[in-house]
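Residue numbers (the working numbering), protein chains in the order written: chain A, 182 to 332; chain B, 117 to 181.
From the three backbone atoms N, C-alpha and C, an ideal C-beta is built for every residue, glycine too.
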Amino acid sequence: MLQIHEQVKVDLLRFYSDSAVEKGVLLGCTTSLNRLEKCCALPALQAGLYFYTPNTHAADEIIRTWSEQGICFCGLIHSHITEKDDLSDADIVYANKLIKTFTLPVLWFGLALVHGKQVVFRFYAVTNNSSGKTHISPVRYAVFPSERRSK
Amino acid sequence: MKNNVEKIIEANRNVSFPEGTCCANRCADCRHINMGSMDSAGKCHCREMGRWVYPSDPACHYFKW
Numbered sequence: 182m183l184q185i186h187e188q189v190k191v192d193l194l195r196f197y198s199d200s201a202v203e204k205g206v207l208l209g210c211t212t213s214l215n216r217l218e219k220c221c222a223l224p225a226l227q228a229g230l231y232f233y234t235p236n237t238h239a240a241d242e243i244i245r246t247w248s249e250q251g252i253c254f255c256g257l258i259h260s261h262i263t264e265k266d267d268l269s270d271a272d273i274v275y276a277n278k279l280i281k282t283f284t285l286p287v288l289w290f291g292l293a294l295v296h297g298k299q300v301v302f303r304f305y306a307v308t309n310n311s312s313g314k315t316h317i318s319p320v321r322y323a324v325f326p327s328e329r330r331s332k
Numbered sequence: 117m118k119n120n121v122e123k124i125i126e127a128n129r130n131v132s133f134p135e136g137t138c139c140a141n142r143c144a145d146c147r148h149i150n151m152g153s154m155d156s157a158g159k160c161h162c163r164e165m166g167r168w169v170y171p172s173d174p175a176c177h178y179f180k181w
């Protein structure tokens, strides 16, 4: 199961609520690939009601900065602001591209389904098998809380 | 576990993010749709299918970005 830090979920909810165009966010981890602890909005090269083209230069910059901070890029989430509640063919093509580009045992590909202020998240695990075939499967997620500081 | 993450960071240090588009496959983004042809009902003409569609309609299997 995928674990998402509560602050990441709060940030994602805030970012996607009331979106007028599709938007994307990079996902990162620091301790384990199945614990999403960081996120950063990824500007669009172009975006509209039904599409989102990430700015790849901005992505490179964010991932480079993250790597210097010990944060590992491990996924991308983008929004659908219509009733399309699963991955489109173009989304699957892009998820394939990402897992073939990056050396990752698993890449998290997320969907933020935006209906006004209400946002529902769906996550998919993208993996490559030994013969290079890509698998995309839905995964459940749980939110884990911030560690409380002891006095 | 943390060691694995550090190895992955190192492996991806000089990798460039691939170009591409996430898309909800709606008629509005299909190259077959003439968005300049919008009628008073909000429909646009599809050159491929030869009919009028709403830009927000889910695209058919002829969809081309």
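Measuring only between beta-carbons, confirm whether Val169/B sits less than 7 Å from chain A. No, Val169/B lies away from the interface with chain A (no Cβ there is under 7 Å from its Cβ).
What is the rounded straight-line gap between the Cα of Leu142/A and the Cα of Ser156/B? A query on residue 142/A cannot be resolved here, the shown segment of chain A reaching from 182 to 332 and no further.
9 Å Cβ cut-off: residues of chain B touching Thr234/A: Close partners of Thr234/A in chain B (Cβ separation under 9 Å): Glu135, Gly136, Thr137, Cys138, Cys139.
Identified DSSP bridge partners for Ala222/A: Val206/A
Of all Cβ atoms in chain B, is any one closer than 7 Å to the Cβ of His296/A? no
Relative to the C-alpha of Val307/A, which candidate in Val320/A, Gly297/A, Val301/A has its C-alpha closest? Val320/A
For Thr315/A and Phe179/B, I'd like the C-alpha separation in whole angstroms. Taking the straight line joining both Cα atoms gives about 23 Å.
Expressed to the nearest angstrom, what Euclidean distance is found between the alpha-carbon atoms of Met182/A and Arg216/A? Spanning the two alpha carbons is a distance of roughly 9 Å.
For Gln250/A, the three-state DSSP class (helix, strand or coil): In the displayed model, Gln250/A falls within coil according to three-state DSSP, outside both helix and strand.
Rounded straight-line distance, which links the Cα of Glu164/B to that of Gly251/A: The straight-line gap separating the alpha-carbon atoms of Gly251/A and Glu164/B is approximately 50 Å.
Using the C-alpha atoms, what's the distance from Ala127/B back to Leu194/A? 31 Å
Check: Lys180/B C-beta below 6 Å from any heavy atom of the ligand ZN: Absence of the ligand ZN is noted for the structure shown, with no ligands found whatsoever.
Could you tell me if Glu249/A is buried or exposed, where buried requires 16 or more neighbouring beta carbons within 10 angstroms of its beta carbon? exposed
So what's Tyr178/B in DSSP terms, helix, strand or just coil? coil
For the segment 259-273 of chain A, which residues have a beta carbon sitting closer than 7 Å to at least one beta carbon of chain B? Those would be His259, His261, Thr263, Lys265, Ser269, Asp270, Ala271, Asp272, in chain order.
Return yes when the Cβ of Cys138/B is within less than 7 Å of the Cβ of Ile149/B, no when it is not. no
Alpha carbon to alpha carbon, how far is Glu245/A from His238/A? The residue you asked about is not Glu; residue 245/A is Arg in the sequence shown. Each residue's alpha carbon lies about 11 Å from the other.
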